[in-house]
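Numbering (the working numbering), first residue to last: -12 to 176. Glycine included, every Cβ here is placed at the ideal spot set by N, Cα and C. Working notes, beginning with the structure itself.
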């Protein structure tokens, strides 16, 4: 009996240690809680989609740092880094009409420096977000977002190569000496 009590105590200690360690890891990632999900949710947001959202951002002590409720909805194109990375991550996989609460660790918000005077350094943030509208990217937008950067990346070495070739050919061409140019002028006279 006493042996099973020790095993039970050891198991509880191990479980608690794992739980604490799990909580530390969870604080390193964005935590998203669904507050309201519409009955029909056929289209989920993905990178490249455009969302119109209303949000209220708070410090962990409840102090409101910003809100769009008194303004027009904020337009967010996922993947364009128009909002802090933690908020952008929380908006992937949501649908129109959904309300979420996202807890964002400081390294995915404003980091060590914060955003003085409103947001102190190393501050975790909490956002309540309502997705007003969701517009999926068109095939043309997808091509521009996915292919265009690669084409530009390929053009840089090509252009540098062409400039190098031009300079090489220009340096390789024999330059007429000034003496020969003077001789030609004197023969013309």
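Buried or exposed, going by whether 16 or more other CB atoms sit within 10 Å of the CB of residue i?
| i | result |
| --- | --- |
| residue 29 | exposed |
| residue 89 | buried |
| residue 15 | exposed |
| residue 72 | exposed |
| residue 154 | exposed |
| residue 158 | exposed |
| residue 146 | exposed |
| residue 162 | exposed |
| residue 70 | buried |
Using only alpha-carbon positions, find the residue among the options that is nearest to residue i.
| i | options | result |
| --- | --- | --- |
| residue 20 | 44, 86 and 135 | 86 |
| residue 54 | 102, 132 and 114 | 114 |
| residue 80 | 162, 31 and 135 | 31 |
| residue 82 | 92, 22, 58 and 153 | 22 |
| residue 18 | 61, 101, 78 and 155 | 78 |
| residue 26 | 42, 84 and 69 | 84 |
| residue 97 | 44, 148 and 125 | 44 |
| residue 104 | 52, 160, 63 and 67 | 52 |
| residue 41 | 99, 116, 24 and 92 | 116 |
| residue 64 | 48, 125 and 56 | 125 |
| residue 61 | 74, 49 and 95 | 74 |
| residue 136 | 67, 95, 101 and 160 | 67 |
| residue 47 | 91, 102, 152 and 24 | 91 |
Per DSSP, what are the beta-bridge partners of residue i in this structure?
| i | result |
| --- | --- |
| residue 106 | 102 |
| residue 54 | 43 |
| residue 89 | 19 and 114 |
| residue 64 | 37 |
| residue 120 | 39 |
Can a CB atom of chain C be found closer than 8 Å to the CB of residue i?
| i | result |
| --- | --- |
| residue 93 | Judged by its chain identifiers, the structure shown contains no chain C, having just a single protein chain. |
**Report entry** Stretch-stretch touch, CB-based, cutoff 8 Å, three pairs: the segment 118 to 137 with the segment 36 to 44
**Finding:** The segment 118 to 137, when compared against the segment 36 to 44, does touch it at the 8 Å Cβ threshold.
Requested in this report: Give a yes or no on contact between the segment 129 to 146 and the segment 99 to 119, applying the rule of three or more CB pairs nearer than 8 Å.
Outcome: no
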